C-alpha cells in the first residue's frame, strides 16, 4: 500500500522539532564535566612534566615512566567518563522507543559525544606535549590510558549506528541531522585523537558513522517528496478549509530551514561541484509540487465543484502565505510565489462562478412588457405573478442552504 507520513501529534506539529531534541537539561554532574574539561592540567605544569619524562627516559626508566603516566592520567580521565552514564542500546531498543524518548536520548547523545571527544582531545594534547621530542611510544601509552574513553566512544558510535539503521519516519530526519551536525563538528578532533595505527579502527568507525548519517538523512530528505505525494491519510475537511497534511508539510519545510547550513553540508557530500542552494531549491520545489498534486487528488472527494475550488484556493493560499513569511521565500524565489498566487486567484474565480452562478441565475427575473419592447422595474406592471416571486425566493434559499 502507498506510504503514509508518520507525524507527531497536531499539537507537536506547531513546536520546533529541533529544540525538542535538546529539551532535557544536563544533570549537575554533566554540567560539572562540561565546565571541567578545558583545564585537564594547568599549562604551567606541562613543561615540568616534560622535563621529568625526558629525565626518566634518558636514565633508562622508560617502562616506569610509561606506567606512571598511564596510570595517573587514566585515574583522572575515567571518573569523568563514568559520570556520563552512557548506556548501550541496540537497534531493537531504538525502534521500541517513542519519538519523544528517542529525541531525549539523542539530545543526551550529542552532549555525551561532545564531552567524550573534548576529554580525549585534551588527553591527546597533554600526551603529545609531555612526550614531545622524547623517544617514547606515546601513541600506545595514550591508547591504554584512554581505554575507557574509547569504550564510551564505541558505545556512543554504536547508538548512532542503531539510530541511522532503524525504521525511517519523516520526523526522524531532524534528529539524524542533529547527529550528523555534531559528528561533522567533532570530525577534525576525532582525526587527531585517533591518528595513530593503534586507534585506526575507532577513527574509521567515527568517519563511517558520519557518512552513514549523511547518507540516511540525504535519502530521507529527497524521499520526502514521494511520501508527501503518496500520502493516503483519510482526514476529511468538509468545509474546504486547510487540510492537516498541508499544515504538517509546511511545518516540516519550516523546520528544515533551521538546518539549512547542515543540509548544504549534506549536498556537498553528494553533489560535489554543484551549487548547494540551487540543489536545496530543487528538492523543496519538488516537495511543494508533491503537496499540490496530493491536494488535487484530495479535492476530488468533494461532490460540490464549489467546495472543490475553495478547498484548493484555501490550501494553496496557505502554502503561498507561509512561504512568504519564512526563509523559504529566499530559496523558492519570487517567481514561485507569483505563479502560485495566480493559481489561487484562478481557483477563487472558479469558486465564484460555480458557487454564485445558480444564485445569480435565480435572482435574474426577466420582466417582459406587454408590448415585448421594454422591461419595467415595477413588478406590479410587469406581469410577474406573486407565485413566480415565491418560487424564485424558495429556490434562492435552497441555493444558500446548499452553499
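In the working numbering, the protein residues as written are 78 to 480.
Ideal placement from N, C-alpha and C gives every residue a C-beta, glycine not left out.
Fair warning: this is a prediction, and the values are worked out from it, not measured in the lab.
Alpha-carbon spacing of residue i relative to residue j, whole angstroms
i, j, result
"residue 170", "residue 200", "33 Å"
"residue 228", "residue 276", "12 Å"
"residue 150", "residue 156", "11 Å"
"residue 190", "residue 347", "25 Å"
"residue 377", "residue 389", "10 Å"
"residue 236", "residue 165", "7 Å"
"residue 264", "residue 284", "7 Å"
"residue 100", "residue 179", "The pLDDT assigned to residue 100 is 37, lower than 50, so where the model puts this residue is not dependable; a value taken from the coordinates is nonetheless given after this. Going from the Cα of residue 100 to the Cα of residue 179 covers about 12 Å."
"residue 218", "residue 254", "35 Å"
"residue 372", "residue 359", "20 Å"
"residue 114", "residue 194", "Unreliable positioning characterises residue 114 in this predicted model, as indicated by a pLDDT of 43, which lies under 50. A coordinate reading is not provided."
"residue 333", "residue 233", "25 Å"
"residue 303", "residue 220", "47 Å"
"residue 174", "residue 162", "19 Å"
"residue 324", "residue 299", "20 Å"
"residue 353", "residue 192", "31 Å"
"residue 211", "residue 158", "29 Å"
"residue 147", "residue 281", "25 Å"
"residue 209", "residue 152", "22 Å"
"residue 344", "residue 422", "36 Å"
"residue 105", "residue 160", "The pLDDT assigned to residue 105 is 44, lower than 50, so where the model puts this residue is not dependable; a value taken from the coordinates is nonetheless given after this. Roughly 10 Å between the two C-alpha positions."
"residue 126", "residue 185", "35 Å"
"residue 196", "residue 131", "25 Å"
"residue 310", "residue 274", "53 Å"
"residue 340", "residue 357", "8 Å"
"residue 292", "residue 142", "45 Å"
"residue 301", "residue 430", "36 Å"
"residue 370", "residue 326", "13 Å"
"residue 177", "residue 205", "42 Å"
"residue 335", "residue 121", "42 Å"
"residue 230", "residue 401", "44 Å"
"residue 181", "residue 137", "52 Å"
"residue 393", "residue 338", "28 Å"
"residue 80", "residue 412", "Reliability fails at residue 80, whose pLDDT of 39 lies under 50, so the model's placement of it is uncertain and no value is given."
"residue 426", "residue 355", "34 Å"
Of the residues the options, the one placed nearest residue i, counting alpha carbons only
i, options, result
"residue 222", "401, 238, 285, 145", "145"
"residue 383", "316, 251, 135", "316"
"residue 414", "127, 138, 175, 395", "395"
"residue 139", "213, 295, 244", "213"
"residue 331", "404, 224, 137", "404"
"residue 272", "215, 239, 327, 257", "215"
"residue 296", "274, 307, 241", "241"
"residue 247", "136, 322, 141, 158", "322"
"residue 312", "379, 364, 344", "379"
"residue 328", "364, 355, 345, 294", "364"
"residue 308", "335, 282, 375", "375"
"residue 381", "433, 293, 301, 402", "433"
"residue 366", "430, 420, 136, 340", "420"
"residue 314", "231, 294, 391", "391"
CB contact flag (residue i, residue j, <8 Å)
i, j, result
"residue 397", "residue 424", "no"
"residue 261", "residue 342", "yes"
"residue 187", "residue 256", "yes"
"residue 183", "residue 252", "yes"
"residue 239", "residue 288", "no"
"residue 305", "residue 368", "yes"
"residue 225", "residue 286", "no"
"residue 123", "residue 207", "yes"
"residue 290", "residue 361", "no"
Expected contact under 8 Å - CB spacing of residue i and residue j to nearest Å
i, j, result
"residue 172", "residue 249", "With 8 Å as the limit, residue 172 and residue 249 do not qualify as a contact, their Cβ atoms being about 11 Å apart."
"residue 399", "residue 428", "That pair is no contact at about 21 Å."
"residue 269", "residue 198", "7 Å"
"residue 129", "residue 203", "That pair is no contact at about 13 Å."
Mind pulling the alpha helix (DSSP H) runs of 4 or more residues that sit fully within the segment 276 to 324? Within the segment 276 to 324, the complete alpha helix (DSSP H) runs of at least 4 residues are 277 to 306.
Note down, one range per segment and in chain order, each alpha helix (DSSP H) of at least 4 residues found wholly within the segment 376 to 414. Qualifying alpha helix (DSSP H) stretches, in chain order: 382 to 401.
Can you give, in chain order, each stretch of the alpha helix (DSSP H) that sits fully within the segment 188 to 268 and has at least 4 residues? Those alpha helix (DSSP H) runs which fall completely within the segment 188 to 268 and span 4+ residues are 215 to 222, 224 to 242.
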